[in-house]
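In this note's numbering, the protein residues as written are 153 to 443.
Don't be surprised by glycine CBs; every beta carbon is placed ideally from N, CA and C.
It should be emphasised that the depicted structure is a prediction, and the values quoted were computed from it without experimental measurement.
Take a look at the structure set out below.
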Amino acid sequence: MNDILIKNNSTRSEIVEFIMNLLINVNKDIILPYRKNLKSEDISTKTSNDDFVSIADKKTEEIITKHLRGFFNVSDILGEETAFLDKQYDKYLDKPILWVVDPIDGTKNYINGKEYFCSMISLVSYKLPIATFIYCPLKNIFVYAFKNYGAFIVDTINNTSTRLSIKPSNFLKIIGSGGTKGIPEIYRQSILDNLKTNTERLFIGSAGIETIMLAKNEIQFIFHGRVTPWDHSPMDLIIKEAGGCVYMAINKNKFNIKSKGSILAASNFQIWNNIRDIIIPSNNPYRKYIN
153 MNDILIKNNS TRSEIVEFIM NLLINVNKDI ILPYRKNLKS EDISTKTSND DFVSIADKKT
213 EEIITKHLRG FFNVSDILGE ETAFLDKQYD KYLDKPILWV VDPIDGTKNY INGKEYFCSM
273 ISLVSYKLPI ATFIYCPLKN IFVYAFKNYG AFIVDTINNT STRLSIKPSN FLKIIGSGGT
333 KGIPEIYRQS ILDNLKTNTE RLFIGSAGIE TIMLAKNEIQ FIFHGRVTPW DHSPMDLIIK
393 EAGGCVYMAI NKNKFNIKSK GSILAASNFQ IWNNIRDIII PSNNPYRKYI N
């Protein structure tokens, strides 16, 4: 099972078709109808005043979970919203294989009527993503990757698929996205200042949208102050399969769903090293921080 599950071409095609149709339908039936139609009682917060969840998140995760459970005999599912309710969700992280679900990535954008949101599902084996899927309903694009089989973008209107390939950067400026949320306050401001001063920093507010932008050569890097299984499994696998690189920012360890701390994705190794030296110089005490 596990990696064997994705080695067969027809099996990969079956998984892509199933996940793509599932995400298209749940967006059509729930996410898009609720967009710009949420009432105040439909929105609440979780870990902080700007960590939002809506009724659309909850309903979407419920439906995705119902349809995913048992697909290819994978019964364990870790969803972002149910993980918040189940404080002991770490018990899932070492599973031989499980689905990881982010029903609406970019919920704050979504509830404010902005365009940067998407839905994401990943298949994770022994803590490492082996397949991942992102659907952007407003752009009608579906992006997916399988470990060792590349990353692809599908136009869901025309049903055409193109392989994603990160090319050498020709930007005159260093352009990227991200933030410092999750970094201890004692280190956070200096890192944020470095981002603002030395890069052309965009703030997108959706890890999935950022991932697609990097894979399409629209930005050069993504920096996040903390990681989650649902946000960063897609980022890790899609960027790497498209030819970029992803490492934990402090120690340059590879990402897994139990990783802690900040993460940096970039177009290539040279840019990764340059960005890290800009954001977290070697003399910055955060380089020695242990999560």
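With DSSP as the reference, please indicate the residues paired to residue i in a beta bridge.
i	result
H376	I415
Y399	L416
V295	I286 and I305
F204	T197
P281	V276
Identify which residue in the options has its Cα closest to the Cα of residue i.
i	options	result
I391	L316, E352, K440 and I343	L316
E267	I183, F298 and A297	I183
I343	A283, W382 and R428	R428
I216	I207, I423, N177 and F204	N177
K218	P255, N403, K188 and F204	P255
D98	S192, M272 and K279	One cannot answer for residue 98 here, as it falls past the ends of the chain, which runs 153 to 443.
I326	P437, N173 and Q372	Q372
P320	A297, S313, K368 and V306	K368
T351	G302, I430, E233 and F421	I430
G334	S162, N160 and S200	S200
N310	F304, I293, D181 and A303	I293
N346	K180, S434, V379 and E214	S434
At which residues does the alpha helix (DSSP H) containing residue i begin and terminate?
i	result
I171	N161 to V178
I423	F421 to I431
P386	P381 to E393
Looking at the unbroken beta strand (DSSP E) that takes in residue i, where does it start and where does it end?
i	result
S196	I195 to T197
If contacts are defined as beta-carbon pairs under 8 Å, then residue i and residue j qualify, I think. What distance do you get, rounded to the angstrom?
i	j	result
S274	P386	6 Å
P381	L157	Actually they do not touch by this definition, with Cβ atoms about 19 Å apart.
G265	R187	7 Å
S329	E362	5 Å
R164	F298	6 Å
Suppose only complete runs of 4+ residues qualify. What are the alpha helix (DSSP H) ranges in the stretch 207-273, listed by chain order?
Within the stretch 207-273, the complete alpha helix (DSSP H) runs of at least 4 residues are 207-220, 232-237 and 259-263.
Extract the residue ranges of the alpha helix (DSSP H) inside the stretch 307-379, only unbroken runs of 4 or more that lie entirely within it.
As far as the stretch 307-379 is concerned, its whole alpha helix (DSSP H) runs of at least 4 residues are 337-350 and 359-367.
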